[in-house]
Amino acid sequence: MAKCIAVNCGSSSIKYKLYEMPEEKVICSGQVERIGHEDGIFSIKFNGQARKEILPIMDHAVGVELILKALVEMNIIASFDEIKAVGHRVVQGGKYFSKSVIFDDYCEEKVAELIPLDPLHAPAHLTGFHAFKKALPNAVAIAVFDTAFHQTMEAEDYVFPIPYEYTEKYACRRYGAHGTSHNYLAIKAKEDYLKDVDDERIISCHIGSGSSLAAIRGGKCVATTMGLTPLGGVMMGTRTGDMDPSVMDYLSTCTGKDVHVLYDEFNKKSGFLGVSGKSNDTRDIESGAAEGDERCILAANLFARRVADFIGSYFVRLGGADLILFSAGIGENSGWFRKLIIDRISDALGIVLDEEANNSRGEKVISAPNSKIKVVVIPTDEEVMIARDCYKALEGTL
Ligand code: AMP
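Straight run, no breaks: the sequence shown in this note's numbering ends on number 415.
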């Protein structure tokens, strides 16, 4: 038995979950938010209790200290040494990492080299890594990459049709994201629904504030929607997803805005927020649509159309599908959105929705028995994948 902590370090936050492994028992979880501010927020959930404090948290090192101090004060651990491994979620692993690795000097060098591909998260991952390393010098540190699962894609799925020298010189290609989630979902789907199917074909829809789909065959990713960065693919909470690339140049000419300003708008002011003019949260879009707000209806339809189109494309890509799964904030919680998507693929793919199941909660099959393809909802769990790899590192099997 060993305690392993899964962490997700953002630019101003640290999300964490402490596990007892290999039992996969969640001991506690929480987050540090507003790092760099006088009114930072520290929270922890343990044994049904929730503790929240507002205090100055000027850097990640302070945030890590707060987490560890609380673990001792609340008698969750007797000493820091009890934590044997720290698993860091890293968004971008580029072409270098096709699986989780020990966070050693080489890994650190490569994560730093990849900052231009992920300027938002990569520096924060490194800061968080250093803070944990200082506080827990004896714990094994590993990096778990969002891109690793997608490294099995073939060139025809990841090369962009740009001058080839850019692909070679700048490693400008599709990397995808949400790989840890798609990997978890593919494993769970195989265990729960596809035990007897060989070389199973899964279309995985991770749809939340960020959304991506993956076509998975025999547990390996064949294609995914996000591109060079998480801006590509389907429309999202605030991101555009795929568009005609000339939109950038045209709007720059029309508005006089620099491409960097527009790029920021495509990341932060577009998607559901941009189209609806109301919210990036699909709960607001759903209620807006119910009240007849035309822009909310348009935003919802745009999203459903894009997800449906990718499902159709992946059905062809895989030569059929044994399972379509929905997960993440929208996929797990909104029967309304799931139906909106399925209505757009049901005729072509012979899918029959079980309306009652679709309107209930939790992991379940939402297709009717006479549906040609089984459709399921599976809650995702990226943290447990990180904890599993931590334990493998401790066992020397990573
Ligand atoms: P995630 O990024 O996976 O945590 O998903 C968060 C997003 O899921 C939120 O911003 C909402 O857009 C969406 N969401 C969460 N709960 C619901 C719900 N009950 N109905 C519709 N959308 C939801």
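We put the beta carbon where it would ideally sit given N, CA and C, even for glycine.
Relative to ligand 1, the nearest heavy atom lies less than 7 Å away from the CB of N350. For G57, the enclosing beta strand (DSSP E) begins and ends at 54-63. In terms of side-chain proximity, the C-beta atom of R300 is found nearer than 7 Å to a non-hydrogen atom of ligand 1. G288 and V264 have their alpha carbons spaced roughly 15 Å apart. By the Cβ criterion, the segment 83-90 is not in contact with the segment 126-139, since fewer than three pairs of Cβ atoms, one from each stretch, lie closer than 8 Å. Here the alpha carbon of A317 sits roughly 8 Å from the alpha carbon of F354. Distances from the CA of A23 to each of E400, G413, K409, Y408 were compared; the closest alpha carbon is that of E400.
Looking at R300, A67, D406, G110, the one whose alpha-carbon comes closest to that of G348 is R300. Note that the C-beta distance between I341 and I224 is not below 8 Å. Checking the DSSP bridge columns, you'll see H105 partnered with V24, A160.
G294 has its CB no nearer than 7 Å to any heavy atom of ligand 1. Here the segment 114-122 makes no contact with the segment 34-51; the two share fewer than three CB pairs at distances below 8 Å.
Annotation: G379 is outside any beta strand (DSSP E) and is labelled neither H nor E by DSSP. Look at M38 here: in three-state DSSP terms it is strand.
Non-local beta-carbon contacts of S60 in its own chain, meaning distances under 6 Å to residues more than five positions away in sequence, involve G47, Q48, K69 in chain order. For the options Q66, I31, H54, the alpha carbon positioned closest to that of C45 is the one of Q66. Within 7 Å of the C-beta of A345 there is at least one heavy atom belonging to ligand 1.
Residue pairing of A321 in beta bridges, as defined by DSSP: absent, with no partner found. Residue nearest to V369 within the set I390, A321, H199 is I390 (criterion: CA-CA distance). Shortest gap from the CB of G227 to any heavy atom of ligand 1: under 7 Å.
A heavy atom of ligand 1 is found nearer than 7 Å to the CB of G254.
With a 10 Å radius around the Cβ and a threshold of 16 neighbouring Cβ atoms, E373 comes out exposed. A Cβ-Cβ contact shorter than 8 Å links A232 with R334. In this structure, F354 has its CB closer than 7 Å to one or more heavy atoms of ligand 1. F149 has its alpha-carbon roughly 33 Å from the corresponding atom of K286. G254 places its beta carbon 8 Å or farther from that of S229.
Secondary-structure assignment with DSSP links Y33 through a beta bridge to V24, G47. Counting every other CB atom within 10 Å of its CB across the protein chains shown gives A203 a total of 16 or more, marking it as buried. With a cutoff of 8 Å on beta-carbon distance, H167 and C238 are scored as near each other. T397 is a Cβ neighbour of A345, given a cutoff of 8 Å.
Among the bridge pairs identified by DSSP, Q66 is matched with F63.
The straight-line gap separating the alpha-carbon atoms of A78 and I52 is approximately 10 Å.
At least 8 Å separates the beta-carbon of A102 from that of V161.
At least one heavy atom of ligand 1 lies less than 7 Å from the C-beta of E303. Taking 8 Å as the cut-off, the Cβ atoms of S384 and D371 count as close. The Cβ-Cβ distance between A194 and V108 falls below 8 Å.
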